[in-house]
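If you count the sequence shown from 1, you need to add 6 to reach the numbering used here. Using N, Cα and C, we set each Cβ at its ideal position, and we do this for glycine too. Given the structure is predicted, the values throughout are model-derived calculations rather than measurements. Read through the structure below, which is laid out as structure tokens, and then see the notes.
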Amino acid sequence: MSDALDALRLPGSALGIRHVAGPAALLGRAFTVRFAPICRAAPGTVGDFIDDVPEGAVVVPDNGGRPDCTVWGGILSQVAARRGIAGTVVHGACRDTAEAHAAGYPLYATASFMRTGKDRVQVEAVNAPVTLGDVRVEAGDYVFGDADGVVVVPAVRVGEVLDKARQTSEREARILAAALDGQPLRAARVEHGYHTLQRPAD
């Protein structure tokens, strides 16, 4: 998928986001939540947004990549799992990873840390643009995760990206089959254009 994004000149590979708990597989449309430092004059909360997340969505909380306080924990993981939410990808810290794992809930984040975000940060906006690693995410964009990390595909380009990813996968499968059948890997890569798979066509 990341090679397809490169070939289409789309940023989408979320730098610094890693799998931390539950199945290392994730697919759904983004439900975004943006956090900001607490307003001492009129403090807000870390939010009850989970009640509004549709089944099958991926929650994308953006806490600016902060490693010092969490905006996702065990209660949220267990409620989300029960409601059929597809997973969570945090630009920042999460906690209670053992609870997410026990619930079979896919959880990705920049870091894990136990300190609460309550009275440190507050919800600034829901379903507004956020940042995930170094990637802009709009509500409704497609979020894909596996053991290696997370990519985000703009909703308006998803068909194009999937077609390119399928083509890339098919060519890589031909390279592997040829190499396993005895052809030198170097020759198989040249024959099927391995070194140009991620390059834009123009």
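How is Glu197 classed by DSSP in three states: helix, strand or coil?
Glu197 falls in the helix class under three-state DSSP.
With a threshold of 7 Å on Cβ separation, who are the neighbours of Thr122 within its own chain once the five nearest residues in sequence on each side are excluded?
Around Thr122: Cys75, Thr76.
What's the gap between the Cα of Val164 and the Cα of Arg192?
Roughly 32 Å separates the two Cα atoms.
If you check the beta carbons only, do Val143 and Val66 fall under 8 Å apart?
For Val143 and Val66, yes; Cβs fall inside 8 Å.
Measuring only the C-alpha atoms, how far is Thr137 from Val159?
Taking the straight line from one Cα to the other gives about 13 Å.
At which residues does the beta strand (DSSP E) containing Asp68 begin and terminate?
Residues 64 to 68.
Can you have a look at Val196 and say buried or exposed, based on whether 16 or more other CB atoms are within 10 angstroms of its CB?
Exposed.
Per DSSP, Phe150 is paired with what?
BP columns for Phe150 point to Leu33, Val157.
Taking the beta strand (DSSP E) that Ala179 belongs to, which residues open and close that run?
From DSSP, Ala179 is part of no beta strand (DSSP E) but of the alpha helix (DSSP H) over 164 to 186.
Counting beta carbon pairs with one atom in the region 110 to 130 and one in the region 84 to 101, are three or more of them shorter than 8 Å?
In short, these stretches touch, since the Cβ pair count reaches three.
Under a three-way DSSP split, which group does Val85 fall into?
Val85 falls in the helix class under three-state DSSP.
Comparing C-alpha positions only, which one of Ala109, Ala10, Val129, Lys170 sits nearest to Ala48?
Looking at the Cα atoms, Val129 is the closest of the given residues.
Put Ala115 into one of helix, strand or coil per three-state DSSP.
It is a strand residue.
Do the CB positions of Val64 and Ala30 come within less than 8 Å of each other?
Their beta carbons are not under 8 Å apart, which means Val64 does not touch Ala30 by this criterion.
What is the rounded straight-line gap between the Cα of His201 and the Cα of Asp58?
His201 and Asp58: Cα-Cα distance of roughly 44 Å.
Mind checking Asp147: buried by the 16 CB within 10 Å criterion, or exposed?
Buried: at least 16 other Cβ atoms inside 10 Å.
With distances taken from CA atoms, which of Val52, Met7, Arg46, Gly22 is nearest Lys124?
The option with the nearest alpha carbon to Lys124 is Val52.
Within 10 angstroms of the Cβ of Met120, are there 16 or more other Cβ atoms? Answer buried if so, exposed if not.
By the neighbour-count rule (16 or more Cβ atoms within 10 Å), Met120 is not buried but exposed.
Taking only the alpha-carbon atoms, compute the straight-line gap between Arg89 and Ala131 and give it to the nearest angstrom.
Each residue's Cα considered, the two are about 22 Å apart.
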